[in-house]
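Notes follow the structure.
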Amino acid sequence: MIGKFGKLFNQMEYYALITALAVMVIVIFSQVVMRYIFNNSLSWSEEFARYLFVWFSWMGVSAGVKGKEHLKVELLAEALGKRGFFNAKEILSIIVSLVWLVTTLIVAYYGIQVVQMQMKLSVVTPAMRMPVWLGYLSVPACSIVVGIRLVATIVDSVKKLLGYETTELPGGESEVEG
């Protein structure tokens, strides 16, 4: 399921997360140094770090889906497995992923509407004079990526239910073999 594009995208996402975190730390550290050592603060640092954090958080959701690292309760799947429902884990995974996918698509839809409204209003941030819609764009953009990852998760689960073997790849990805 994961091709060259998928692996490239995973690497780009990984490096974007690392870069965003590093830049946030540097900007916030610089702000602290400027404020407490030089008694002068940067007017843009808090705003920049806030918007970077929003993007970082939404990208992190996608990375969590890829690595299957989001919180989940497996009590029901284990209980059903003990009662003879051997495919309960995959079936529940599909159901949860479908509900999550619908929710993600709703969030993306309304996120696009908010971005369009912000673009029409031409609202800018107070310190950096940056268009506000750039910050809000993280919601629909990353929701679409999460949706794509959820579709891949659903497809993998369906293939497992149909008896295809999967081979686990580094980073939580899997390829299904026929």
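First residue of the sequence shown? That's -9 in our numbering, and the numbers climb one at a time after it. Every residue, glycine too, gets a C-beta built ideally from N, C-alpha and C.
Query, Result
"What separation, rounded to the nearest whole angstrom, lies between the Cα atoms of Lys110 and Arg40?", "23 Å"
"Tell me the DSSP bridge mates of Pro121?", "Val114"
"Residues in its own chain within less than 8 Å of Met14 by CB, not counting five upstream and five downstream?", "Ala39, Leu42, Phe43, Phe46"
"Should the stretch 125 to 141 be regarded as contacting the stretch 94 to 112, the criterion being three or more beta carbon pairs within less than 8 Å?", "yes"
"Decide if the stretch 49 to 61 is in contact with the stretch -4 to 13; the criterion is three or more beta carbon pairs, one per stretch, under 8 Å apart.", "yes"
"With respect to the alpha helix (DSSP H) encompassing Ile27, which residues constitute its N-terminal and C-terminal limits?", "Element bounds for Ile27: n/a, residue is neither H nor E."
"Considering only their Cβ atoms, is the gap separating Ala98 from Ile134 smaller than 8 Å?", "yes"
"Can you look up Glu80 in the DSSP assignment and give me helix, strand or coil?", "helix"
"Can you name, in chain order, every residue of its own chain whose Cβ lies under 8 Å from the Cβ of Ser87, other than the five neighbours on each side?", "Leu140, Thr143, Ile144, Ser147"
"Do Leu95 and Gly137 count as a contact pair if the criterion is CB distance below 8 Å?", "yes"
"Between which two residues does the alpha helix (DSSP H) containing Gly57 stretch?", "Element bounds for Gly57: n/a, residue is neither H nor E."
"Helix, strand or coil for Glu36, going by three-state DSSP, please let me know.", "helix"
"Report the three-state DSSP secondary structure of Arg73 (helix, strand or coil).", "coil"
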